[in-house]
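Presented below is the structure to which this report refers.
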Amino acid sequence: MNNLYTPRMSRAISKSVAIAIIVIIIAAIIAGVGYYYYASQQQKTVSIIWASTQLVPPEEQAFVKGTLLTDFEKQTGIKVSFVGMSYSDMITRITSEEQAGKVTISLIGDLHGNLDLMASKGYLTDLSKFGTLPGRTFPDVLMKYAHLHGILAYIPWMTATYVMVVNKEAFKYLPQGLTKEDVITGSTKWTYQALLEWAKNLYEKTGKKLLGFPAGPNGLFVRFLHGYLYPAFTGAQVKNFNSQDAIKMWNYLKELWQYVNPASTTWDAMADPLLKGEVWIAWDHTARIKDAIEQKPDQFVVVPVPIGPKGRGYILVVAGLAIPKGAPDPQAAWKLIDYLTKPSTQVKVLEKTGFFPTVKEASTQAPAGALQVLIKGVNAQLNAPNPIVAMIPSLGSKSGDFKSIYITAFKQIVLQGQDPQKVLNELYPQLLNLFKETGAPLPPPDSGT
Amino acid sequence: MSSNKQGYSLVERYLPYLLIAPALGYLLFFIGYPLTQGVLLAFTDQNGHFTLQHVYYLLYSPSSNFWPALEDTLALAAAIIPIQIMLALGFSLMLSANFKGKDMALYILIIPLTISDVAGGLIWYSLLTANGFFNKLFMALGIINQPIQFFGYQFRPMEFIAIVLAEVWRATALVFVIIFAGLQMISKEYIEAAEVFGAGTWTKLRHIIFPMLKPSVQTALLIRTLFAFQVFGVVMVLAGRDIPVLAGEAYYEQTILYHYGVAALYALIIAAISVVIGYIYIKMFKAQYLREVTM
């Protein structure tokens, strides 16, 4: 058994081993070249990071990753990784990346307040150098706020706001001197005085109090007080809290309340009362009236809020897209901004999330029906004359006390009939104290821009 | 052998503790821990220092609704509970008689028990609202020509009535079930014996049924009163904060105003009131006949 391998055989084996080795080497070289080629191809497909505080809930994130970004990648070949984070995380991360000089994020999606803070520290690129975005018009109001600290700090991305909804029946009872057109376009004749006369007329002709507000415990009526009435009557949310103009405002609200459906103090959202016909004119957040309009798009119109002695006060929630200084790939980020502000993309976002488009052209792109009614209304408000935009102050844990002060004033003055001056004088120091304690700046319009 | 015996007695001595250990652990974890946290929340500030600021806010701040909430919670309990006990007693006596369709009636009476308080509130809201069922019905019948307003701050007395209606409708079934069960347990022999001695209906009720129902009534009262201090969903739906109640204020302070300490204080107050009421009821209703029987 020892001589199983003859010398010839062993020579044959060594030959086949040599061939095998050569084959393996050749295969390895081919694989190596192939991998190198593949890897270099990979590097050619650009990949960027988009950090956002908006669209973070799982459902919305799935929509962003599964629909928006895959579509974007197909169009441009740019791969985007979407990173959702909280407001405080965003500030911390951008600050540390900017201070270390090693920026990994190419695009930021955040609310106006946060972006303002970043711009004030010089962390954001001036976007005006990228030129314009063709085929879309941003309302002046939004562009005005996007210019921060001497640069175009962000491109308006999505908005949310509070509007009025009118049942078309109510137009039959318009007071003298006010037309349907005035209301729908938000002309200067559509004033708070006109609203009072309209509500009074409705009450006198139908016997019902058909104006309603979400003044229940979970309702957003407090936003109407500090972000709508106060700016419209006093030009500020906080500064003129107990001024003569404010007294006039509260007296107006007392008078108006005679024609407001008393059940308002139990309502948290206006969709239901509108659908049940308990009110014909209502004010609420767009998300909380959406249901009514989706169910009966032909019955309701979304209209801008009325104008007061100082202007048309309204709250605007704006999310913007910004590029940090030293971003790894600003060009790719700009392409993503271009994609996200396209009217067709904006309509998709509205359908899935309830955030409103920031470009006028979106209203013609939306399918007829509920969405179009909503977009038209919000757009009309954004483009109506004499705006006084109010931003919700960022008071953190004290934001509850902020609301509580306005609600207490409403309860004591309007519902319980106490003397406005006395109530306001008592509450004003508490209100100022909130800003002092937290160090938060007064919000627009108090602070100017 | 002796060590064995000792071991046995050791087991015997510690076994009970071992057996109640899981229950004790459960209590500590799910009641003891949250209770401690609640007390800490109520009496410390953000930095963890002892403070009475939440108590001051609760009692004296113009934004706090504590006193009206306490008043309204007590008023609601005082209005609702007697009605429920009476109704439940009445229904129980009625249903202990034999008649056709008795089972059906029983089931129908119990239906509201299966409906959550918020849903119950919504049902009554749509029945009583200005465009609701009752107003439309009465207007169509010509009984009224203006809808009756039930809701809104200006109509608080009506809101109070609406809450009482909704609560009576929704939760009487619970009281009824307890009292009805108690009634079923009273042995027929007592009643038959009484009849032999010529007792009339009132005498039977007064001297046999009521005394023997005491434990059931006590249970029903206890459960109902404790629930009355937690009343929340129905009030929130029907009256918002127009009629403040303790549990509602706790919720509001917690979720809308972010006053976690004040919310914890409300929770502790509700707990304290519940303990006191439970104690009073147990003292008040010592079931006499049961004691005599067991003695």
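Which chain is which? The protein sequence lines are A and B, in order.
Just so you know, we're using this note's numbering here: the first sequence kicks off at -16 and counts up by one.
Just so you know, we're using this note's numbering here: the second sequence kicks off at 158 and counts up by one.
Here a beta-carbon is modelled for each residue, glycine too, at the ideal position from N, C-alpha and C.
For residue i, would you say it is in contact with chain B, using Cβ-to-Cβ distances shorter than 9 Å as the test?
| i | result |
| --- | --- |
| glutamine 395 of chain A | yes |
| asparagine 244 of chain A | yes |
| threonine 173 of chain A | With the sequence shown as reference, residue 173 of chain A is identified as tryptophan, and threonine is not the correct amino acid for it. Not closer than 9 Å to any Cβ of chain B, the Cβ of tryptophan 173 of chain A fails to qualify, so no. |
| tryptophan 266 of chain A | no |
| tryptophan 263 of chain A | no |
| glutamate 164 of chain A | no |
| glutamate 409 of chain A | yes |
| isoleucine 375 of chain A | no |
| threonine 432 of chain A | Unreliable placement is indicated for threonine 432 of chain A, whose pLDDT of 46 sits below 50; no coordinate value is reported for it. |
| tryptophan 250 of chain A | yes |
| threonine 391 of chain A | yes |
| isoleucine 298 of chain A | no |
Determine the closest residue to residue i out of the options, with distance taken between C-alpha atoms.
| i | options | result |
| --- | --- | --- |
| asparagine 491 of chain A | A/Glu81, A/Lys335, A/Ile31, A/Arg295 | Nothing can be reported for residue 491 of chain A: it is not among the residues displayed for chain A, which extend from -16 to 432. |
| phenylalanine 308 of chain B | A/Lys405, A/Tyr211, A/Asn244 | A/Asn244 |
| glycine 118 of chain A | A/Lys325, A/Gln404, A/Thr248, A/Tyr137 | A/Lys325 |
| alanine 245 of chain B | B/Ile434, B/Arg327, B/Gly195, B/Val275 | B/Arg327 |
| glycine 84 of chain A | A/Lys127, A/Phe393, A/Gly309 | A/Gly309 |
| tyrosine 175 of chain A | A/Gly260, A/Leu239, A/Ser387 | A/Leu239 |
| alanine 153 of chain A | A/Trp263, A/Ala345, A/Tyr128 | A/Trp263 |
| threonine 115 of chain A | A/Met126, A/Gly105, A/Ile31 | A/Met126 |
| asparagine 201 of chain A | B/Ile400, B/Ile413, B/Ala404, B/Lys361 | B/Ile413 |
| lysine 318 of chain A | A/Ser30, A/Thr59, A/Val16, A/Val39 | A/Thr59 |
| arginine 206 of chain A | A/Ser226, A/Phe224, A/Ala182, A/Asp267 | A/Asp267 |
| leucine 52 of chain A | A/Met374, A/Gln413, A/Ile276, A/Ile320 | A/Ile320 |
| isoleucine 437 of chain B | B/Leu383, B/Gln387, B/Gly418 | B/Leu383 |
| isoleucine 267 of chain B | B/Lys440, B/Ala330, B/Phe389 | B/Ala330 |
| leucine 407 of chain A | A/Leu398, A/Ala14, A/Phe393 | A/Phe393 |
| proline 239 of chain B | B/Arg398, B/Phe256, B/Pro173, B/Val325 | B/Val325 |
| arginine 313 of chain B | B/Tyr415, B/Thr193, B/Ile400, B/Gly247 | B/Ile400 |
| isoleucine 230 of chain A | A/Asp274, A/Ala316, A/Pro311, A/Gln404 | A/Gln404 |
| asparagine 433 of chain A | A/Leu357, A/Val16, A/Leu415 | The requested residue 433 of chain A does not occur in the structure, where chain A is confined to residues -16 to 432. |
| phenylalanine 385 of chain A | B/Ala428, B/His416, B/Leu422, B/His364 | B/His416 |
| glycine 110 of chain B | B/Gly418, B/Ile280, B/Ile439 | Absent from the model: residue 110 of chain B. The displayed extent of chain B is 158 to 452, so no value can be given. |
| glutamate 334 of chain A | A/Phe418, A/Tyr322, A/Lys104, A/Lys273 | A/Lys273 |
Going by DSSP, which residues form a beta bridge with residue i?
| i | result |
| --- | --- |
| tyrosine 297 of chain A | A/Val372 |
| threonine 120 of chain A | According to DSSP, which records beta bridges pairwise, threonine 120 of chain A is partnered with nothing at all. |
| lysine 62 of chain A | A/Ser30 |
| proline 307 of chain A | A/Leu107 |
| valine 243 of chain A | A/Leu194 |
| glycine 67 of chain A | A/Ser35 |
| threonine 201 of chain B | B/Phe207 |
Does any C-beta atom of chain A lie closer than 9 Å to the C-beta of residue i?
| i | result |
| --- | --- |
| serine 273 of chain B | no |
| alanine 234 of chain B | no |
| proline 398 of chain B | Residue identity check: residue 398 of chain B is arginine in the sequence provided, not proline. Output row for arginine 398 of chain B: interface = yes. |
| leucine 414 of chain B | yes |
| isoleucine 318 of chain B | no |
| asparagine 204 of chain B | no |
| proline 239 of chain B | no |
| asparagine 292 of chain B | no |
| tyrosine 438 of chain B | no |
| leucine 167 of chain B | no |
| threonine 286 of chain B | yes |
| leucine 175 of chain B | no |
| glycine 299 of chain B | no |
| methionine 452 of chain B | Residue placement at methionine 452 of chain B is poorly supported in this model, since its pLDDT is 40, which falls under 50; the coordinates still yield a value, given next. For methionine 452 of chain B, the answer is no, since every Cβ of chain A falls outside 9 Å of its Cβ. |
| glutamine 311 of chain B | yes |
What are the boundary residues of the alpha helix (DSSP H) that includes residue i?
| i | result |
| --- | --- |
| proline 139 of chain A | Careful: proline 139 of chain A lies outside any alpha helix (DSSP H), inside the beta strand (DSSP E) at 138 to 150. |
| glycine 383 of chain A | 382 to 393 |
| tryptophan 326 of chain B | 313 to 342 |
| proline 283 of chain A | Sequence inspection shows phenylalanine at residue 283 of chain A; the proline mentioned does not correspond to that position. Phenylalanine 283 of chain A -> not in any alpha helix (DSSP H); beta strand (DSSP E) instead, spanning 283 to 286. |
| isoleucine 365 of chain B | Segment: none, isoleucine 365 of chain B is in no alpha helix (DSSP H) and carries neither H nor E. |
| tryptophan 181 of chain A | 175 to 189 |
| leucine 279 of chain B | 274 to 285 |
Just curious, the beta strand (DSSP E) that residue i is in, first and last residue?
| i | result |
| --- | --- |
| glycine 94 of chain A | A small correction: the amino acid at residue 94 of chain A is leucine; glycine does not occupy that position in the sequence shown. First-last of the beta strand (DSSP E) with leucine 94 of chain A: 90 to 94. |
| histidine 268 of chain A | 264 to 268 |
What residues from chain C crowd round residue i, counting only those whose CB sits closer than 9 Å?
| i | result |
| --- | --- |
| lysine 419 of chain A | Judged by its chain identifiers, the structure shown contains no chain C, and its protein chains are A and B. |
Three or more C-beta pairs closer than 8 Å, one from the segment 125 to 139 of chain A and one from the segment 301 to 318 of chain A: is that the case here?
Touching, yes.
Can you confirm whether the segment 244 to 253 of chain A touches the segment 182 to 196 of chain B when touching is taken to mean that 3 or more C-beta pairs between the two stretches lie within less than 8 Å?
The segment 182 to 196 of chain B vs the segment 244 to 253 of chain A: no contact.
Taking contact to mean 3 or more Cβ pairs, one atom from each stretch, closer than 8 Å, check whether the segment 210 to 217 of chain A and the segment 348 to 364 of chain B are in contact.
Contact fails: fewer than three Cβ-Cβ distances are below 8 Å.
Inspect the CB distances between the segment 391 to 409 of chain B and the segment 308 to 324 of chain B and report whether three or more fall short of 8 Å.
Short answer: they touch.
Taking 8 Å as the threshold, find out whether the segment 198 to 215 of chain B comes into contact with the segment 337 to 353 of chain B through three or more Cβ pairs.
Cβ pair count under 8 Å is below three, so no.
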